[in-house]
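As given, the protein sequences belong to chains A and B, one line each in that order. Numbered according to the working numbering, the first sequence terminates at residue 506, and the numbering increases by one at each position without gaps. Numbered according to the working numbering, the second sequence terminates at residue 381, and the numbering increases by one at each position without gaps.
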Amino acid sequence: MNPFLSIRALRSGYVGGAVLHGVDLDVDEGGIVAVLGRNGVGKTTLISTIAGFLRPYEGSVTLDGQEIAGARIDTIARAGVGLVPQGRRVFTPLTVAEHLAIATRRPTAGPWTRERVLTLLPRLGERLGHRGDQLSGGEQQMLAIARALLGNPRLLLLDEPSDGLAPVIVAQVGEVIREVSTEGMAVVLVEQNLQLALSVARDVAVMSKGRIVHRADCADFQSRPEDRRRLLGVE
Amino acid sequence: MSPNSGTDIGTAARAGSAARRVPAVMVLAGLALAPFVLGSYAVGTLSRILVLALLAMSVNLLTGLTGLATLGQSAYFGVGAYTAAIVARKLTDVGVVQLLAAAAVSALVATATGWLAVRARGVVFLMLTLAIGEIVYSAAVNWKSLTNGTDGMSGIPPVVPLPGMPALELDGLVYFYVLAVFLVLFAMVAHLAGTPFALALRGIRDNEDRMRAIGYPTRRYALTVYGGAGALAGAAGALWVSVQRFVSPGDAGFEIAALALLAAVIGGSGRIWGACAGAALVWLTRDYLGNLEVVDGHGKLLLGALFVTAVYTLPRGLTGIRVPRGLRSVAWPSRKRTA
Chain A
272 MNPFLSIRAL RSGYVGGAVL HGVDLDVDEG GIVAVLGRNG VGKTTLISTI AGFLRPYEGS
332 VTLDGQEIAG ARIDTIARAG VGLVPQGRRV FTPLTVAEHL AIATRRPTAG PWTRERVLTL
392 LPRLGERLGH RGDQLSGGEQ QMLAIARALL GNPRLLLLDE PSDGLAPVIV AQVGEVIREV
452 STEGMAVVLV EQNLQLALSV ARDVAVMSKG RIVHRADCAD FQSRPEDRRR LLGVE
Chain B
43 MSPNSGTDIG TAARAGSAAR RVPAVMVLAG LALAPFVLGS YAVGTLSRIL VLALLAMSVN
103 LLTGLTGLAT LGQSAYFGVG AYTAAIVARK LTDVGVVQLL AAAAVSALVA TATGWLAVRA
163 RGVVFLMLTL AIGEIVYSAA VNWKSLTNGT DGMSGIPPVV PLPGMPALEL DGLVYFYVLA
223 VFLVLFAMVA HLAGTPFALA LRGIRDNEDR MRAIGYPTRR YALTVYGGAG ALAGAAGALW
283 VSVQRFVSPG DAGFEIAALA LLAAVIGGSG RIWGACAGAA LVWLTRDYLG NLEVVDGHGK
343 LLLGALFVTA VYTLPRGLTG IRVPRGLRSV AWPSRKRTA
């Protein structure tokens, strides 16, 4: 079976120079891959390139067989890629209700409706009239996830979703990620929080110097502390 | 909590909503009665303020709602004015026809030129719109067979609002025509502000990349609102011709563009009534206060001072002014909760 997301020999970066030097990565339908690595190895660059914010120098990114590398951001989003960006980036002057309205205005067929999202993230239902900048960090993260889900993506990209959140909120984020993957949605999770990453992902891809240098399933990775120490510098 | 507290709060909310309408009703009543208490010059000035308010609203659609600061709306204002003048002189003196023709031609020109402009953002967008304004101004000066060049177009017949109605010769009657069109267009823009389309524009203003990542073709949205704002500016241009019965290249020039942007900024971005209030303040400062003996004709200097003062003291414009808590019960007595 072909992988749902297939990345081959991807080179990408910024004006100053390349950051990704030939990334290969596969994610199956319903699969959750945690992309791990030290700071500056290219994790966010990888997410930004898949989502279309960066145009790759070379290589391919296919989603269910459809080439999306170099396409416009909105085209990639409509092809089925949802993004929960680092730092949440909610629309600060808009209320929660307006966020949900914006996200549902361009729906694609799928299971995620406003009602279902509010059932999954009930805290948002209590804060519908609050502006983005009146929400806590955890609520903003839930809102960013809700915004992505309402587009009914087939691939969800999460960039550091636990960044700056309290442990109890991080656990909730983990539950949400597990829940969405049961619908067959593929998930790429870039995460510094190893505990969260290993608790939700099925596979691990470790990056170093712009390449994927290690692939393993989570159980294997967890059972090999020497790999974690060598690749990530943690036990 | 008392059993009827929900009812009390609901009653208070309705009373608050009604109280907020009071200023609008007062302004409307003032506008309706103005020709009966003001002289001819003041009524003409009011008409011009309403026209500039429409132009400022079109600037506000781009600058306030979408976050695209523009200096090019005078171009579409000028296109609308010349279109209405040509229609009035060669086709019909019916105002509605002039309005529709002006709005359609301006929308067309705005969409064609906006196709290029909306590819840029920030200062580059501002400079492109400035260039578009200058191109239209140059065309108005040099395309003499169509515009009569710097001499402008005169001999425009008095407007007939609708077929079968008499021509409006008196300033007061022209004012009522302008006011009626203004109210219709104001209501249309107010309705637009509550639609999902406007919500998407606010999203683009706040974070365009995020909107694209949700799947919005933001450039298409920007071009649509650019064309719509052009149509509104064109309609304002047609009304300008009905009031002035004259049009010249200056009406499509930089000064009009700057005044409209100034009105939108002083009024406060994002609120329709703010643009209108800003237009009134700008026009009155330039043409009324500026002509007082004490100012000695330095209206533009006064305008500059007003702008600097507004930027420093009202960063959110007139719409950002909040009535101090202690005065709220005086300003809106019925908003005070009784429960």
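Glycine included, C-beta positions come from ideal geometry on N, C-alpha and C.
Integer-rounded CB distance, given that residue 298 of chain B should sit under 8 Å from residue 116 of chain B: 4 Å
Alpha carbon of residue 388 of chain A to alpha carbon of residue 417 of chain A, nearest angstrom: 6 Å
Reference residue 243 of chain B; option with closest CA among B:68, B:87 and B:106: B:106
Own chain partners of residue 504 of chain A with C-beta closer than 8 Å, once the 5 adjacent residues on each side are dropped: 309
Beta-carbon contacts of residue 309 of chain B that lie in its chain and below 6 Å, excluding the five residues immediately before and after: 316, 317, 319, 320, 359 and 360
Cβ neighbours of residue 372 of chain B in the same chain (closer than 8 Å, five flanking residues each side left out): In this prediction, residue 372 of chain B scores a pLDDT of 45, lower than 50, which makes its location untrustworthy; the coordinate-derived value is nonetheless stated afterwards. Counting only residues of its own chain and dropping the five nearest sequence neighbours on each side, residue 372 of chain B has no CB closer than 8 Å to any other CB.
Buried or exposed by the 16-neighbour rule on C-beta atoms within 10 Å, applied to residue 370 of chain B: Only weak support is given to the placement of residue 370 of chain B: the predicted model assigns it a pLDDT of 49, under 50, and the question is left unresolved by the model.
Sufficient close CB pairs (3 or more, under 8 Å) joining the stretch 413-427 of chain A to the stretch 349-366 of chain A: yes
Nearest-angstrom beta carbon gap, residue 323 of chain A and residue 344 of chain A [assumed within contact, 8 Å]: 4 Å
Sequence-distant residues of the same chain with beta carbon closer than 6 Å to residue 440 of chain A, five excluded per side: For residue 440 of chain A, the CB contacts under 6 Å within the same chain, skipping 5 residues up- and downstream, are 409 in chain order.
Spatial distance of residue 469 of chain A from residue 168 of chain B (CA atoms): A direct Cα-to-Cα measurement between residue 469 of chain A and residue 168 of chain B gives close to 49 Å.
Cα-Cα separation between residue 212 of chain B and residue 344 of chain B, rounded to whole angstroms: 32 Å
Segment limits, alpha helix (DSSP H) that includes residue 128 of chain B: Where residue 128 of chain B is concerned, the enclosing alpha helix (DSSP H) stretches over 115-132.
Contact list for residue 363 of chain A against chain B, beta-carbon separation under 8 Å: What residue 363 of chain A touches in chain B, judged by beta-carbon distance under 8 Å, is 248, going in chain order.
Partners in chain B for residue 354 of chain A, counting only beta-carbon separations shorter than 8 Å: 255
Element boundaries [alpha helix (DSSP H), containing residue 158 of chain B]: Note, residue 158 of chain B: alpha helix (DSSP H), 137-159.
Distance, residue 477 of chain A Cα to residue 502 of chain A Cα: Cα to Cα, residue 502 of chain A sits roughly 7 Å from residue 477 of chain A.
Buried/exposed call for residue 123 of chain B, threshold 16 Cβ in 10 Å: buried
Closer than 8 Å to chain B by CB, residue 324 of chain A: yes
Beta-carbon contacts of residue 291 of chain B that lie in its chain and below 8 Å, excluding the five residues immediately before and after: 120, 179, 182, 183, 189, 191, 192 and 194
Local Cβ density within 10 Å of residue 294 of chain A, reported as buried at 16 or more and exposed below that: buried
Proximity below 8 Å, CB of residue 171 of chain B to CB of residue 114 of chain B: Between residue 171 of chain B and residue 114 of chain B, the C-beta gap is smaller than 8 Å, which places the two residues in contact.
Straight-line gap, residue 384 of chain A to residue 368 of chain A (C-alpha atoms, nearest Å): 13 Å
Of the residues A:365, A:300, A:327 and A:328, the one placed nearest residue 336 of chain A, counting alpha carbons only: A:300
C-beta contact flag for residue 341 of chain A and residue 326 of chain A at 8 Å: yes
For residue 487 of chain A, the three-state DSSP class (helix, strand or coil): strand
Rounded straight-line distance, which links the Cα of residue 489 of chain A to that of residue 495 of chain A: Between the alpha carbons of residue 495 of chain A and residue 489 of chain A lies a gap of roughly 10 Å.
Contact with chain A by residue 252 of chain B, beta-carbon distance below 8 Å: Interface residue, yes.
Candidates A:339, A:361, A:363 and A:466: closest to residue 445 of chain A by CA position: In terms of Cα proximity to residue 445 of chain A, the closest of A:339, A:361, A:363 and A:466 is A:466.
Contacts around residue 207 of chain B, its chain only, beta-carbon distance under 7 Å, and the 5 residues preceding and following it disregarded: none
Simplified DSSP state of residue 374 of chain B, which is helix, strand or coil: The predicted model places residue 374 of chain B with a pLDDT of 43, which falls under 50 and marks its position as unreliable; any figure quoted below should be read in that light. Looking at residue 374 of chain B - three-state DSSP - the assignment turns out to be coil, as it is neither helix nor strand.
Neighbouring residues, chain B, relative to residue 369 of chain A (Cβ below 7 Å): 241
Buried or exposed (CB count within 10 angstroms, at least 16 for buried), residue 233 of chain B: exposed
Boundaries of the alpha helix (DSSP H) in which residue 96 of chain B is found, first to last residue: 82-102
Short CB-CB distance (under 8 Å) between residue 372 of chain A and chain B: yes
Assigned exposure category for residue 393 of chain A - 16 Cβ within 10 Å defines buried: exposed
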